Amino acid sequence: MYSKKFTRFLAVSVMAVFLGATAARAQVVTIVDTDLDGIDDVVDECLPSDLSTTVTINGVDTGIPNTTANAVGCTLADLIQDMIDLCLDNAKNHGKFVSCVSHETNILKRARTISGQQKGKIQSIVAKMK
Ligand SMILES: [Ca+2]
Numbered sequence: 023m024y025s026k027k028f029t030r031f032l033a034v035s036v037m038a039v040f041l042g043a044t045a046a047r048a049q050v051v052t053i054v055d056t057d058l059d060g061i062d063d064v065v066d067e068c069l070p071s072d073l074s075t076t077v078t079i080n081g082v083d084t085g086i087p088n089t090t091a092n093a094v095g096c097t098l099a100d101l102i103q104d105m106i107d108l109c110l111d112n113a114k115n116h117g118k119f120v121s122c123v124s125h126e127t128n129i130l131k132r133a134r135t136i137s138g139q140q141k142g143k144i145q146s147i148v149a150k151m152k
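With the sequence shown counted from 1, adding 22 to any position gets you the numbering used here.
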């Protein structure tokens with residue numbers, strides 16, 4: 023039978039080999055961040071992200087500061103562009119498009135993603151879109 027000291031040494035050695043192997047495996051994982059927003063492409067739902075300093079809608083600078091990417095790799099500019107694309111796709115006419123954006127920006131304001139003033143700016147730009 024092994025002594026207690028040897029058994030402990032053996033257990034520590036096995037643990038060290040296990041941890042070493044785990045660390046070696048961890049180093050093999052490669053993070054790919056194509057749009058350089060700090061979020062791994064594997065979980066990035068917005069590829070490529072709009073990393074502009076301000077949010078632009080239909081070529082008009084809103085002056086609304088863009089945000090860094092959230093946990094799923096989307097900036098505020100990405101979210102607003104997605105919202106506009108969704109409203110453009112689903113609305114049958116300009117009035118319904120403006121109404122859709124109004125509805126969506128109200129949700130963003132309630133969630134405190136944008137302020138009331140920013141909501142007004144977006145709605146004003148969208149109303150002038152053709
Ligand atoms: Ca992204």
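Every residue gets a Cβ at the ideal spot worked out from N, C-alpha and C, and that includes glycine.
These figures come from a predicted structure and were not determined experimentally.
Here the distance from the Cβ of L69 to the nearest heavy atom of ligand 1 is below 7 Å. Pairing D72 with A113 gives a Cβ-Cβ distance that is not under 8 Å. For D66, the Cβ falls inside the 7 Å cut-off from some heavy atom of ligand 1. Within the model, the alpha-carbon separation for G60 versus V51 is close to 16 Å. Within the DSSP bridge table, the entry for I136 names no partner. Note on geometry: alpha-carbon atoms of T75 and T90 lie some 9 Å from one another.
When distances are taken from the beta-carbon of G142 to the heavy atoms of ligand 1, even the shortest one reaches 7 Å or more. Excluding the 5 residues flanking it on each side, Q145 has same chain C-beta neighbours closer than 8 Å at V120, V123, S124, T127, in chain order. A direct Cα-Cα distance of roughly 21 Å separates R134 from D83.
In the three-state DSSP reduction, I53 falls in the coil class, being neither helix nor strand.
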